[in-house]
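>
Protein chains: 2
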Amino acid sequence: MSAALLPAKRERFLRACRGQDVDRPPFWFMRQAGRYLPEYRAVRERVDFLTLCKTPELAAEVAFQPLRRFGCDAAILFSDILVVPQAMGLTLTFGAGEGPRLTEPLRTRDDVSRLLRVDPGRDLAYMLAAVRQTRAGLSDGEALIGFAGAPFTLACYMVEGEGSTSFARLRTMMHADPAAYDELMTRLTDVVADCLQAQVEAGADAVQLFDTWAGLLDGPTWAARVAPHARAVLARLAACGAPRIYFAAGGPHLLPHLGGLGAEVIGCDWRTPLAEARRLLPPGTAVQGNLDPVLLLAPPAVAAARAGEILVEGDAAAGHVFNLGHGVLPGTPPAAVAAVADAVRGFRSRRAA
Amino acid sequence: MSAALLPAKRERFLRACRGQDVDRPPFWFMRQAGRYLPEYRAVRERVDFLTLCKTPELAAEVAFQPLRRFGCDAAILFSDILVVPQAMGLTLTFGAGEGPRLTEPLRTRDDVSRLLRVDPGRDLAYMLAAVRQTRAGLSDGEALIGFAGAPFTLACYMVEGEGSTSFARLRTMMHADPAAYDELMTRLTDVVADCLQAQVEAGADAVQLFDTWAGLLDGPTWAARVAPHARAVLARLAACGAPRIYFAAGGPHLLPHLGGLGAEVIGCDWRTPLAEARRLLPPGTAVQGNLDPVLLLAPPAVAAARAGEILVEGDAAAGHVFNLGHGVLPGTPPAAVAAVADAVRGFRSRRAA
Numbered sequence: 001m002s003a004a005l006l007p008a009k010r011e012r013f014l015r016a017c018r019g020q021d022v023d024r025p026p027f028w029f030m031r032q033a034g035r036y037l038p039e040y041r042a043v044r045e046r047v048d049f050l051t052l053c054k055t056p057e058l059a060a061e062v063a064f065q066p067l068r069r070f071g072c073d074a075a076i077l078f079s080d081i082l083v084v085p086q087a088m089g090l091t092l093t094f095g096a097g098e099g100p101r102l103t104e105p106l107r108t109r110d111d112v113s114r115l116l117r118v119d120p121g122r123d124l125a126y127m128l129a130a131v132r133q134t135r136a137g138l139s140d141g142e143a144l145i146g147f148a149g150a151p152f153t154l155a156c157y158m159v160e161g162e163g164s165t166s167f168a169r170l171r172t173m174m175h176a177d178p179a180a181y182d183e184l185m186t187r188l189t190d191v192v193a194d195c196l197q198a199q200v201e202a203g204a205d206a207v208q209l210f211d212t213w214a215g216l217l218d219g220p221t222w223a224a225r226v227a228p229h230a231r232a233v234l235a236r237l238a239a240c241g242a243p244r245i246y247f248a249a250g251g252p253h254l255l256p257h258l259g260g261l262g263a264e265v266i267g268c269d270w271r272t273p274l275a276e277a278r279r280l281l282p283p284g285t286a287v288q289g290n291l292d293p294v295l296l297l298a299p300p301a302v303a304a305a306r307a308g309e310i311l312v313e314g315d316a317a318a319g320h321v322f323n324l325g326h327g328v329l330p331g332t333p334p335a336a337v338a339a340v341a342d343a344v345r346g347f348r349s350r351r352a353a
Numbered sequence: 354m355s356a357a358l359l360p361a362k363r364e365r366f367l368r369a370c371r372g373q374d375v376d377r378p379p380f381w382f383m384r385q386a387g388r389y390l391p392e393y394r395a396v397r398e399r400v401d402f403l404t405l406c407k408t409p410e411l412a413a414e415v416a417f418q419p420l421r422r423f424g425c426d427a428a429i430l431f432s433d434i435l436v437v438p439q440a441m442g443l444t445l446t447f448g449a450g451e452g453p454r455l456t457e458p459l460r461t462r463d464d465v466s467r468l469l470r471v472d473p474g475r476d477l478a479y480m481l482a483a484v485r486q487t488r489a490g491l492s493d494g495e496a497l498i499g500f501a502g503a504p505f506t507l508a509c510y511m512v513e514g515e516g517s518t519s520f521a522r523l524r525t526m527m528h529a530d531p532a533a534y535d536e537l538m539t540r541l542t543d544v545v546a547d548c549l550q551a552q553v554e555a556g557a558d559a560v561q562l563f564d565t566w567a568g569l570l571d572g573p574t575w576a577a578r579v580a581p582h583a584r585a586v587l588a589r590l591a592a593c594g595a596p597r598i599y600f601a602a603g604g605p606h607l608l609p610h611l612g613g614l615g616a617e618v619i620g621c622d623w624r625t626p627l628a629e630a631r632r633l634l635p636p637g638t639a640v641q642g643n644l645d646p647v648l649l650l651a652p653p654a655v656a657a658a659r660a661g662e663i664l665v666e667g668d669a670a671a672g673h674v675f676n677l678g679h680g681v682l683p684g685t686p687p688a689a690v691a692a693v694a695d696a697v698r699g700f701r702s703r704r705a706a
């Protein structure tokens, strides 16, 4: 493709997700809309976090902010993975300065069986309206990513009730009450698949399944007890044609198992070298990542230099979506993000014609 | 060795650490002395945690408790990795129900340069007294393990001030103020080496370096910025002859780099298969681990069954110390630990004559 005929951002993003050559890798940043941006904080002065998630015009507004600043190729729906458990009947709160809390966590199979059935069009209407409103405000050439928490990661929170370093309660339930675990995972698989399908129908070009806590499990346990559910979610989306991204943080040891998921793109955290991921994934699988978000707190030149290395590493084969290896950290200076965005936009694939 | 001539526990432990054949793997459990034991809680009703650490007869008493219950081959010094930063001048508190807190964390190179020099014999006299008192109360045939936090993990807490999932402050300092980082790591290397050497002189048969947060780093960063300090600590101990155990939680991706540390034993967390560790470590390196501590919260038969698998995996070569893949979790029923201890004690190495 000639430099005079640069692809639109959406085309660049979708081509890279499908493992096709592009002029340069498309980029977006996990948690690119958030408190580190003054324009986001200005919105949050008027509304609390959940109100923001549930007000489509505001959710769309904050989703646009990083594209305006950094020229990202894709916006991501502004929402939270825990609105799905909320729709299933759990009580969700975000205390000031605290993480999220589900105040009536699930502890027994009875608790699980009392979860509500979710119809996204009815119970998550605000989320689908946010997808439509965000899509409507993007140019035709910009991509929109939908997302949901993966069943295991949602289950971690639903059983623990809050953040944890071990999520021992769900991991215990998996072994101590396998029927409760399996019922919870099966219900979540249905809801998450329905939710992502509805997001694609509402205008999302691709979807990311966030399995933030999958890395807590050893490989064989993940493969036996988690992968079938993640695979089922992704399989339900196969017919809609939108690329599917699976991201497990802390999961370099899961790589040998990830190829069987059916995802077009595997998100790599900063500890998973892109080359290693490509070596262990089926040919043609795209990789996404993987700048350590801590580097955005260092001088911008440090982050930009490491981004340069990742760009070269990613360019060894077709199919690289540039991103962080985890979400933007609180306190990140927007200038550091801009420096990295500049590095990506200035890169030219050596495979581009 | 004939069944009639079973080795004493200490001999079994030291032989396994050195990669020599034994009748069955020696075992101990990380955090084996702790709140999950009623006899520990009885001691803690009388004194707070730091007083317990600093009262040698009580520290020795709680170190004996798991040996009485489970017949572990080794006791471990009862202490806390954060008493070293406290000796260096930081203020350490343990709030009720909270994790530890260092109330004046280090943020600048000036903060680092104000750290006190530590003479273990003077500033950690209570710790060395606890080693001596524990050694004195063990039978000649039981092993005693000394320990310290590795420089990187201590630095994580000293800069962050409390627990964290990302320890972004130290990881930022590493890139944003490398001189401060290097000075902090160098000072810690000296203190930790002095401390472990003094523990061995006081009667510890082996030492474990806990690098709990090393797994937050990608492999090349760990190798360049952390490994030289960990290696220097271990090198200082080489002459004393006590086996050295290095344990990095969450570090399967660090395995290819761990062989160069010089440790006789590499601790494996539950996500690092023992066979994979042996494949990637220098021949003769012993491995320690690696039962997922979550399994101790499941029915004892589940934990014992998995322990059986690990025993067989470990027995594929000489040099296996049975342990958990991380510390005993709060709420663990002692009966589950006992079931695992029984499984280990009932195992016979297929290589035993």
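First to last, the protein sequences are chains F and A. Its first residue numbered 1, the first sequence is counted upward by one per residue in this note's numbering. Its first residue numbered 354, the second sequence is counted upward by one per residue in this note's numbering. Heads up, the beta-carbon is just placed ideally off N, CA and C, and yes, glycines get one too.
Show which residues of chain F have a CB atom less than 7 Å away from the CB atom of Ala651(A).
Here residue 651(A) refers to the residue found at position 298 when the second sequence is read from its first residue. Residues of chain F passing the Cβ test: Thr172, His175 and Ala176.
> Taking the beta strand (DSSP E) that Glu244(F) belongs to, which residues open and close that run?
In the first sequence, counting from the first residue as 1, residue 244(F) sits at position 244. Looking at the sequence itself, residue 244(F) is Arg, so the reference to Glu does not match. Segment Arg244 to Phe247, the beta strand (DSSP E) holding Arg244(F).
> Can you list, in chain order, the residues of the segment 252 to 273 of chain F whose Cβ is nearer than 8 Å to any Cβ on chain A?
If the cut-off is 8 Å between Cβ atoms, the segment 252 to 273 of chain F has Pro252, His253, Trp270, Arg271, Thr272 and Pro273 near chain A.
> Check this for me: beta carbons of Cys621(A) and Trp566(A), under 7 Å apart or not?
Stepping through the second sequence from its first residue, residue 621(A) is reached at position 268. Stepping through the second sequence from its first residue, residue 566(A) is reached at position 213. Not a contact, by the Cβ cut-off of 7 Å.
> Can you name the start and end residues of the alpha helix (DSSP H) that Arg68(F) belongs to?
Here residue 68(F) refers to the residue found at position 68 of the first sequence. Its alpha helix (DSSP H) spans residues Pro56 to Phe70.
> If we count Cβ pairs, one from each stretch, closer than 8 Å, do we get three or more for the segment 319 to 326 of chain F versus the segment 281 to 298 of chain F?
They touch, by the three-pair rule.
> In the DSSP assignment, find the alpha helix (DSSP H) that holds Arg363(A) and state where it starts and stops.
Taking the first residue of the second sequence as position 1, residue 363(A) is located at position 10. Its alpha helix (DSSP H) spans residues Lys362 to Cys370.
> Taking the alpha-carbon positions, what's the Met354(A) to Thr446(A) distance?
Along the second sequence, read from residue 1 onward, the residue named residue 354(A) stands at position 1. Along the second sequence, read from residue 1 onward, the residue named residue 446(A) stands at position 93. In this prediction, Met354(A) scores a pLDDT of 40, lower than 50, which makes its location untrustworthy; the coordinate-derived value is nonetheless stated afterwards. Taking the straight line from one Cα to the other gives about 49 Å.
> Could you check whether the Cβ of Ala533(A) sits closer than 7 Å to any Cβ belonging to chain F?
Position 180 of the second sequence, counted from the first residue, corresponds to residue 533(A). Not an interface residue.
> Have a look at Leu138(F) and Val294(F) and give me their C-alpha separation to the nearest angstrom.
Within the first sequence, numbered from 1, the residue matching residue 138(F) stands at position 138. Within the first sequence, numbered from 1, the residue matching residue 294(F) stands at position 294. Each residue's Cα considered, the two are about 29 Å apart.
> In angstroms, rounded to a whole number, what distance separates the CA positions of Pro436(F) and Pro120(F)?
No statement about residue 436(F) is possible, as the shown extent of chain F runs from 1 to 353 and does not include it.
> What does the Cβ neighbour count give for Asp80(F), buried or exposed, with the cut at 16 atoms within 10 Å?
As a position in the first sequence, residue 80(F) is number 80, starting the count at 1. That one is buried.
> Under 6 Å Cβ to Cβ from Val586(A), same chain only, skipping five residues before and after it: list those, please.
Here residue 586(A) is taken as the residue at index 233 of the second sequence, counted from 1. Excluding positions up to five away in sequence, the list reads Thr542, Val545 and Ala546.
> How close, in whole Å, do the beta carbons of Ala248(F) and Gly215(F) come, if the pair is a contact with beta carbons under 8 Å?
As a first step, residue 248(F) is located in the first sequence; it is residue number 248 there, counting from the start. As a first step, residue 215(F) is located in the first sequence; it is residue number 215 there, counting from the start. Confirmed, about 6 Å.
> Note down, in chain order, all residues in the segment 154 to 170 of chain F with a beta-carbon under 7 Å from any beta-carbon belonging to chain A.
The residues in question are Thr165, Ser166 and Ala168.
> From which residue to which residue does the beta strand (DSSP E) around Thr93(F) run?
Indexing the first sequence from 1 puts residue 93(F) at position 93. Residues Leu92 to Phe94.
> Is there a C-beta anywhere in chain F that falls below 7 Å from the one on Asp472(A)?
In the second sequence, residue 472(A) corresponds to position 119, counting from 1. With 7 Å as the cut-off, Asp472(A) does not count as an interface residue toward chain F.
> Do three or more CB pairs link the segment 242 to 258 of chain F to the segment 266 to 283 of chain F at distances below 8 Å?
As far as the Cβ criterion goes, the segment 242 to 258 of chain F touches the segment 266 to 283 of chain F, which means the pair count is three or higher.
> Pull up the CB-CB distance for Arg101(F) and Gly161(F), whole angstroms please, since I reckon it's below 8 Å.
Against the first sequence, residue 101(F) aligns to sequence position 101. Against the first sequence, residue 161(F) aligns to sequence position 161. Confirmed, about 6 Å.
> Taking the alpha-carbon positions, what's the Arg135(F) to Asp123(F) distance?
Indexing the first sequence from 1 puts residue 135(F) at position 135. Indexing the first sequence from 1 puts residue 123(F) at position 123. Their Cα atoms are separated by approximately 20 Å.
> Determine the chain F residues that contact Leu633(A) at a beta-carbon separation under 9 Å, and present them in chain order.
As a first step, residue 633(A) is located in the second sequence; it is residue number 280 there, counting from the start. Going along chain F, no residue has its Cβ under 9 Å from Leu633(A), so there is no contact; the nearest lies around 12 Å.
> Here's the rule: buried if 16 or more other CB atoms are within 10 angstroms of the residue's CB, otherwise exposed. What is Leu90(F)?
On the first sequence, residue 90(F) is found 90 positions in, with the first residue counted as 1. The residue in question, Leu90(F), is buried, as its Cβ has 16 or more Cβ neighbours within 10 Å.
> Quick check: is the beta carbon of Val340(F) nearer than 7 Å to any beta carbon in chain A?
Taking the first residue of the first sequence as 1, we reach residue 340(F) at position 340. Chain A contact via Cβ: absent.
> For the segment 297 to 328 of chain F, enumerate the residues whose C-beta is nearer than 7 Å to any C-beta of chain A, in chain order.
If the cut-off is 7 Å between Cβ atoms, the segment 297 to 328 of chain F has Leu297, Ala298, Pro299 and Val302 near chain A.
> For Ala75(F), which beta-bridge partners are listed by DSSP?
Reading the first sequence from its first residue, position 75 is the one you call residue 75(F). Per DSSP, Leu144(F).
> Going by DSSP, what residue range makes up the alpha helix (DSSP H) through Ala691(A)?
The sequence position of residue 691(A) within the second sequence is 338, counting from 1. Unbroken alpha helix (DSSP H) run through Ala691(A): Pro687 to Arg698.
> Check the Cβ-Cβ distances between Ile571(A) and every residue of chain F, and say whether any is below 7 Å.
Here the question's residue 571(A) lines up with position 218 in the second sequence. Looking at the sequence itself, residue 571(A) is Asp, so the reference to Ile does not match. Closer than 7 Å to some Cβ of chain F, the Cβ of Asp571(A) qualifies, so yes.
> Scan the segment 264 to 301 of chain F and note each continuous alpha helix (DSSP H) run of 4 residues or more that stays entirely inside, going in chain order.
Complete alpha helix (DSSP H) runs here, min 4: 274 to 280.
> In the DSSP output, which residue or residues are listed as bridge partners for Arg101(F)?
Mapped onto the first sequence, residue 101(F) falls at position 101. Answer is Thr93(F) and Glu162(F).
> Decide yes or no for the touch test of the segment 21 to 32 of chain F against the segment 67 to 80 of chain F: beta carbon pairs closer than 8 Å, at least 3 of them.
Cβ pair count under 8 Å is three or more, so yes.
> Should Leu116(F) go down as buried or exposed, given a rule of 16 or more other Cβ atoms within 10 Å for buried?
Numbered from its first residue, the first sequence carries residue 116(F) at position 116. Flag for Leu116(F) reads exposed.
> Hey, does Ala4(F) have any beta-carbon neighbour from chain A nearer than 7 Å?
Here residue 4(F) refers to the residue found at position 4 when the first sequence is read from its first residue. In this predicted model, Ala4(F) has a pLDDT of only 42, less than 50, meaning its place in the structure is not dependable enough to derive any value.
> Compile a chain-ordered list of the residues in the segment 80 to 96 of chain F whose CB is closer than 9 Å to at least one CB of chain A.
Per Cβ criterion, the list is empty.
> I think Ala235(F) touches His257(F), with their Cβ atoms under 8 Å apart; what is that distance to the nearest whole Å?
Looking up residue 235(F) in the first sequence gives position 235. Looking up residue 257(F) in the first sequence gives position 257. So it is not a contact: roughly 16 Å between Cβ atoms.
> Use the C-beta contact count for Val471(A): other C-beta atoms within 10 angstroms, 16 or more gives buried, fewer gives exposed.
On the second sequence, position 118 is the one that residue 471(A) refers to. It counts as buried.
> Look up Val328(F) in the DSSP assignment and say whether it is helix, strand or coil.
Residue 328(F) sits at position 328 when you count from the first residue of the first sequence. Looking at Val328(F) - three-state DSSP - the assignment turns out to be coil, as it is neither helix nor strand.
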